[in-house]
Amino acid sequence: MLMPRALISVSDKRGILSFAQELVRRGWQIVSTGGTAALLRSEGIAVTSVDQITGFPEILDGQVKTLHPAVHGGLLARPDLPEHMRQIGEHGITPFDLVAVNLYPFR
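Just so you know, we're using this note's numbering here: the sequence shown kicks off at 1 and counts up by one.
Spelled out as structure tokens, the structure:
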């Protein structure tokens, strides 16, 4: 059985440290984007960066970072559908079990 996996990408980082620490304590793997990953790492939390999964850097001032099949496939695949799991497996995509996100202010 795979370790549960969370994608965390937040602009407003209030409360994210305790949230991530609790996930790790419960055996979750954390995947995160640039600034969020840096904050979590600075507090000793093990994090896999999204660009490690996608093989592609964040672009456009960090606005484009998770728009990639390796991320969306992991988010959209339904574990109850064997065909979905087969397809993501063929492409080396690992499913996500939880997403924690808040958006930056659009101006």
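Positions of the beta carbon are idealized from the N, C-alpha and C atoms, including for glycine.
Find the nearest neighbour of residue i within the set the options, judged by alpha-carbon distance.
i   : options             : result
T36 : I16, P57, E83, P82  : I16
P4  : G55, V10, V24, N102 : V24
G55 : A77, D80, G92, S9   : G92
K65 : A77, R78, D51, L76  : D51
D61 : D80, M85, A70, G34  : G34
Distance, Cα to Cα, residue i vs residue j?
i    : j    : result
P95  : I88  : 8 angstroms
L98  : R107 : 28 angstroms
I45  : A20  : 8 angstroms
P104 : A38  : It should be noted that the sequence gives Tyr, not Pro, for residue 104. Taking the straight line joining both Cα atoms gives about 17 angstroms.
D12  : L67  : 20 angstroms
P57  : S49  : 10 angstroms
Consider the C-beta atom of residue i and the heavy atoms of the ligand NAP; say whether any pair is separated by less than 7 angstroms.
i   : result
H91 : The ligand NAP is not part of this structure, which contains no ligands at all.
Give the DSSP bridge partners of residue i, in chain order.
i   : result
I30 : A6
S49 : S32
Which two residues bound the contiguous beta strand (DSSP E) that contains residue i?
i    : result
V101 : 98–102
Specify, as a first and last residue, the run of the alpha helix (DSSP H) that residue i falls within.
i   : result
R25 : 16–25
A77 : Note, A77: premise wrong, no alpha helix (DSSP H); not H, not E.
Cutting at 6 angstroms between CB atoms, please list the residues of its own chain near residue i, excluding the five before and the five after it.
i  : result
A6 : L23, W28, I30, L98
By Cβ distance below 7 angstroms, which residues in the same chain neighbour residue i in space, the five residues on each side in sequence not counted?
i   : result
G73 : I88, H91, I93
Who are the Cβ neighbours of residue i in its own chain at under 8 angstroms, not counting the five residues just before and after it?
i   : result
L40 : I8, I16, L17, A20, I30, S32, V47
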